[in-house]
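In this note's numbering, the protein residues as written are 7 to 275.
Reading through the structure tokens given below for one structure.
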Amino acid sequence: MATTSSTKTPPPPIPISITICGDGGCGKSSITLRLVRSQWTSEYDPTIEDSYSVTRRVDGLTYHLALTDTAGQEEYRGMWAASNLGADAFLLVYDITSPDSLQALAYFDDLIDMEAETRVDNAERARRAGLSLARANAVSASGAKTVPPVKIVAGNKCDLKESRRVPAAQGLDWARRRRCGFMETSARLEVNIEETFALIVRRVMESRRLAETGPVSLATTTAATTTTTTTTTTTHHPVKLPSPLSPDADSEKRLHDAQLSFWRHLKCW
Numbered sequence: 007m008a009t010t011s012s013t014k015t016p017p018p019p020i021p022i023s024i025t026i027c028g029d030g031g032c033g034k035s036s037i038t039l040r041l042v043r044s045q046w047t048s049e050y051d052p053t054i055e056d057s058y059s060v061t062r063r064v065d066g067l068t069y070h071l072a073l074t075d076t077a078g079q080e081e082y083r084g085m086w087a088a089s090n091l092g093a094d095a096f097l098l099v100y101d102i103t104s105p106d107s108l109q110a111l112a113y114f115d116d117l118i119d120m121e122a123e124t125r126v127d128n129a130e131r132a133r134r135a136g137l138s139l140a141r142a143n144a145v146s147a148s149g150a151k152t153v154p155p156v157k158i159v160a161g162n163k164c165d166l167k168e169s170r171r172v173p174a175a176q177g178l179d180w181a182r183r184r185r186c187g188f189m190e191t192s193a194r195l196e197v198n199i200e201e202t203f204a205l206i207v208r209r210v211m212e213s214r215r216l217a218e219t220g221p222v223s224l225a226t227t228t229a230a231t232t233t234t235t236t237t238t239t240t241t242h243h244p245v246k247l248p249s250p251l252s253p254d255a256d257s258e259k260r261l262h263d264a265q266l267s268f269w270r271h272l273k274c275w
């Protein structure tokens with residue numbers, strides 16, 4: 007007598023595309039390589055565009071993350087606008103030691119907001135045509151999207167306390183005014199890297215859920231995804247890192263061990 011297996015085939019990973027953008031030298035590639043390969047390098051090699059994929063489990067579900075690490079230099083920004091606006095989410099990275107890198111995010115954010123408005127218009131046309139948003143995305147030969155993208159701002163290099171020129175409160179304020187989530191990260195010490203991408207996954211899924219339950223608007227999706235994990239305090243006290251260690255052969259590991267527990271206590275906004 008034939009027996010049937012009771013083992014269920016696991017569902018395929020849920021795809022999410024993420025574009026990582028920001029000024030040159032702010033650590034976009036370092037963040038990406040930390041997530042994909044658990045690597046970090048102090049050498050700066052300007053990126054034109056690199057693509058990676060990685061699988062992660064978040065809240066019991068498996069996700070396939072397609073990451074695009076983009077150029078930050080001004081001469082390549084026209085290429086960026088033409089090829090990277092179709093992502094489900096955008097990670098806008100700045101360097102906490104460079105105020106200019108935070109202001110440079112406005113260029114990318116403006117383009118993302120225009121793309122978001124286009125998607126809202128697509129959703130409205132689909133609604134008038136009697137299509138669900140999922141069906142509208144499935145039948146669109148042009149790849150037109152109907153769910154506004156998620157935006158997260160990451161203040162990178164948060165381990166460089168002595169060189170900091172952008173307070174966390176300033177980065178948070180910029181992000182909130184632009185309707186973005188906010189994290190501070192360190193690719194070097196692997197602080198908030200996995201957490202940042204888990205946050206992106208959760209917000210993308212929430213944005214999709216909201217889009218399927220009713221008419222899409224930027225106000226609706228932004229309010230829900232921004233306030234879900236937002237916790238702020240009215241007073242920001244200065245924090246003190248452990249003292250730097252001497253640069254001998256083992257200092258990098260000891261620095262990591264000494265500071266990692268401290269940075270793990272940082273919260274996202």
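For every residue, glycine included, the Cβ atom is placed at its ideal position computed from N, Cα and C.
All values reported here derive from a predicted model rather than from experimental measurement.
- Message: Judging by CA-CA distance, which residue of E218, D106, P154 is the nearest neighbour of W180?
- Response: The sequence position of residue 180 within the sequence shown is 174, counting from 1. Here the closest residue by C-alpha is D106.
- Integer Cβ distance of R133 from K151, believed to fall under 8 Å: Residue numbering aside, residue 133 sits at position 127 when the sequence shown is read from its first letter. Residue numbering aside, residue 151 sits at position 145 when the sequence shown is read from its first letter. Not a contact, Cβ separation roughly 14 Å.
- Kindly give me the distance between the Cβ atoms of L97 and L111, rounded to whole angstroms, as I take these residues to be in contact under 8 Å. Translated into the one-based positions of the sequence shown, residue 97 becomes position 91. Translated into the one-based positions of the sequence shown, residue 111 becomes position 105. Actually they do not touch by this definition, with Cβ atoms about 11 Å apart.
- Item | Reference K34; option with closest CA among D56, Q176, E201 | Walking along the sequence shown from the start, residue 34 turns up at place 28. When only C-alpha atoms are compared, the closest one is D56.
- Message: Is it buried or exposed, T61, if we count other Cβ atoms within 10 angstroms and call 16 or more buried?
- Response: Here the question's residue 61 lines up with position 55 in the sequence shown. Exposed: under 16 other Cβ atoms inside 10 Å.
- What is the rounded straight-line gap between the Cα of V172 and the Cα of R182? Here residue 172 refers to the residue found at position 166 of the sequence shown. Here residue 182 refers to the residue found at position 176 of the sequence shown. Going from the Cα of V172 to the Cα of R182 covers about 15 Å.
- Message: Please state the DSSP three-state secondary structure of A150.
- Response: Counting from one through the sequence shown, the residue named residue 150 turns up at place 144. In the displayed model, A150 falls within coil according to three-state DSSP, outside both helix and strand.
- Task: Please report the residue range of the beta strand (DSSP E) in which S23 lies.
- Result: Reading the sequence shown from its first residue, position 17 is the one you call residue 23. Start and end: 20 to 28.
- According to DSSP, is E190 helix, strand or coil? Taking the first residue of the sequence shown as 1, we reach residue 190 at position 184. Of the three classes helix, strand and coil, the one that applies to E190 here is strand, per DSSP.
- Message: Using a 10 Å radius around the Cβ and a threshold of 16 neighbouring Cβ atoms, would you call M189 buried or exposed?
- Response: Residue numbering aside, residue 189 sits at position 183 when the sequence shown is read from its first letter. Result: buried.
- Item | Rounded straight-line distance, which links the Cα of D165 to that of R40 | Locating residue 40 in the sequence shown gives position 34, counting from the first residue. Locating residue 165 in the sequence shown gives position 159, counting from the first residue. Between R40 and D165, the C-alpha separation is close to 15 Å.
- Task: Alpha carbon to alpha carbon, how far is T15 from T103? Give it in angstroms, no decimals.
- Result: Along the sequence shown, one-based indexing puts residue 103 at 97. Along the sequence shown, one-based indexing puts residue 15 at 9. If you take the alpha carbons of T103 and T15, they lie about 48 Å apart.
- Between the beta-carbon of N162 and the beta-carbon of A204, is there less than 8 Å? Counting from one through the sequence shown, the residue named residue 162 turns up at place 156. Counting from one through the sequence shown, the residue named residue 204 turns up at place 198. Contact: no.
- Query: Going along the chain, which residues of its own chain have a beta-carbon closer than 8 Å to the beta-carbon of T13, five neighbours each way excluded?
  - Reply: To locate residue 13, count along the sequence shown from 1; it is residue 7. Answer for T13: no residue qualifies.
- Item | Integer Cβ distance of V159 from G177, believed to fall under 8 Å | For this step, residue 159 is matched to residue 153 along the sequence shown. For this step, residue 177 is matched to residue 171 along the sequence shown. About 7 Å; that satisfies the 8 Å criterion.
- Query: Where S213 and T219 are concerned, what is the direct C-alpha to C-alpha distance, given to the nearest angstrom?
  - Reply: Taking the sequence shown and counting its residues from 1, the one referred to as residue 213 is at position 207. Taking the sequence shown and counting its residues from 1, the one referred to as residue 219 is at position 213. When the Cα atoms are used, S213 and T219 turn out to be separated by approximately 10 Å.
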